[in-house]
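This report refers to the structure that appears directly beneath it.
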Amino acid sequence: MSNPKRVLFIGNSITRHEPAPDIGWYGSWGMAASCEENDYVHVIISKFEEAGVPIEYKIKNIADFERSFWDYNLENFKELRDFDADIIIMRITENVSEEEAANRGFGKYYEELINYLNLSKNAQVICSNGFGEHEVVNRQIKEVAEKYNYPLADLSQLWYDDSNKALNEFEHEGVRHHPSDTGMRRIAEIILKHVNM
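Counting from 1 along the sequence shown, just add 2 to a position and that's the residue number in our numbering.
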């Protein structure tokens with residue numbers, strides 16, 4: 003039997019959010035998905051399993067990095083680096099301030115983060131742009147992806163179809179603008195186009 007593929011999911015609340023009852027969120031998975039197996043991470047995991055590909059994975063919400071990327075200590079991610087992933091799925095954007103990204107050059111820090119996590123320098127890295135309107139951040143992510151020839155999962159059009167948002171499932175404005183089960187499935191499908199199992 004082949005060694006399991008080690009897959010690292012790097013994201014924010016779309017990837018995983020612990021329970022937050024004050025905003026009406028009680029899950030411990032990708033925010034606004036109806037259950038764990040319907041978030042984009044677990045849809046991707048299920049596709050590995052369906053293909054008979056053994057998988058080990060880690061899931062990390064790095065919203066703190068998004069909010070203070072310019073002075074974030076990457077050593078906080080040592081455990082993720084030491085996981086020595088075969089596949090790194092970079093699913094961040096939404097919490098990065100457009101103004102800070104422009105003024106401080108988010109792309110440089112995004113590049114440094116990937117290079118830190120990619121311990122072997124042989125990992126398959128898949129970048130993605132934002133669920134929503136993030137022109138500056140999206141452009142800088144695209145530049146890094148092009149520099150290293152990383153595939154870019156283009157999620158930019160999903161935002162404009164309300165069926166991709168959980169608008170009718172939650173009352174809290176922030177939660178309901180996260181991806182619905184449909185949106186999560188579509189995110190997974192777009193990312194999976196670039197994953198070499």
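A virtual CB, placed ideally from N, CA and C, is assigned to each residue, including glycine. These numbers come from a predicted model, not from an experiment.
DSSP three-state assignment for residue i, whether helix, strand or coil
{"i": "N63", "result": "strand"}
{"i": "L154", "result": "strand"}
{"i": "V9", "result": "strand"}
{"i": "S35", "result": "In the sequence as displayed, the identity of residue 35 is Ala instead of Ser. In this structure, A35 counts as coil in the three-state DSSP scheme."}
{"i": "H44", "result": "helix"}
{"i": "I128", "result": "strand"}
Beta carbon of residue i nearer than 9 Å to that of residue j
{"i": "T95", "j": "F133", "result": "yes"}
{"i": "P6", "j": "E58", "result": "yes"}
{"i": "V98", "j": "F71", "result": "yes"}
{"i": "A155", "j": "I116", "result": "no"}
{"i": "E137", "j": "W161", "result": "no"}
{"i": "A103", "j": "V139", "result": "yes"}
{"i": "K49", "j": "L194", "result": "yes"}
{"i": "E101", "j": "Y150", "result": "no"}
{"i": "D88", "j": "R8", "result": "yes"}
{"i": "G29", "j": "E39", "result": "no"}
Same chain, Cβ closer than 7 Å to residue i, five either side skipped, listed in chain order
{"i": "S15", "result": "M33, N63, A65 and H180"}
{"i": "W27", "result": "H19, P21, M33 and V177"}
{"i": "A125", "result": "A87, D88, I89 and I90"}
{"i": "V197", "result": "I89 and I128"}
{"i": "E68", "result": "N14, I94, N97 and V98"}
{"i": "N166", "result": "L160, P181, S182, T184, G185 and R188"}
Own chain residues within Cβ distance below 6 Å of residue i, not counting five before or after
{"i": "R178", "result": "A168, L169 and F172"}
{"i": "G109", "result": "Q142, E145 and V146"}
{"i": "C129", "result": "M92, I143, A147, Y152 and L154"}
{"i": "S36", "result": "D183"}
Same chain, Cβ closer than 8 Å to residue i, neighbours up to 5 away in sequence not counted
{"i": "T17", "result": "F11, G32, D41, Y42, V43, I61, K62, N63 and R93"}
{"i": "S122", "result": "D86"}
{"i": "E51", "result": "I57"}
{"i": "H174", "result": "I25, G26 and W27"}
{"i": "A225", "result": "This structure leaves residue 225 out entirely; the chain is present only between 3 and 199."}
{"i": "Y74", "result": "D66, F67 and Y111"}
Integer-rounded CB distance, given that residue j should sit under 8 Å from residue i
{"i": "V45", "j": "M199", "result": "Not confirmed; about 14 Å, so no contact."}
{"i": "I90", "j": "N120", "result": "6 Å"}
{"i": "R83", "j": "Y118", "result": "6 Å"}
Any C-beta of chain D under 9 Å from that of residue i
{"i": "R141", "result": "Of the protein chains in the structure, only one exists, and it is not chain D."}
Exercise for review: Would you list, in sequence order, the uninterrupted alpha helix (DSSP H) runs of no fewer than 4 residues that lie entirely inside the stretch 157 to 191?
Suggested key: Taking only runs of at least 4 residues, the alpha helix (DSSP H) segments lying wholly in the stretch 157 to 191 are 175 to 178.
Review point. For the stretch 50 to 126, which segments carrying the alpha helix (DSSP H) assignment without a break, of at least 4 residues, lie completely within its bounds, in sequence order?
Key: Listed in chain order, the complete alpha helix (DSSP H) runs (minimum 4 residues) inside the stretch 50 to 126 are 65 to 69, 80 to 84, 100 to 106 and 108 to 119.
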